[in-house]
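Numbering (the numbering used here), first residue to last: 1 to 51.
Shown next as structure tokens:
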């Protein structure tokens, strides 16, 4: 994978199609993909900077 050494994409990806990291192309797409793979009980809502 074309990524910096030590990153998840570099360590766990064979190529752009076969990898352990995914980024959605838009917020609407992300909502659909999240709902497909995770139940509501597996999700946690937070804001950046929240500790």
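All residues carry an ideal CB built from backbone N, CA and C; glycine is no exception.
Exercise. What is the C-beta distance between residue 30 and residue 24, in whole angstroms, given that I count them as a contact (C-beta under 8 angstroms)?
Worked result: 4 angstroms
Problem set entry | Closest residue to residue 16 among 43, 48 and 2 (Cα-Cα distance) | 2
Exercise. Does DSSP put residue 35 in a helix, in a strand, or in coil?
Worked result: helix
Problem set entry | DSSP state of residue 10 mapped onto helix, strand, coil | helix
Exercise. Which class does residue 40 belong to by DSSP, given the choice of helix, strand or coil?
Worked result: helix
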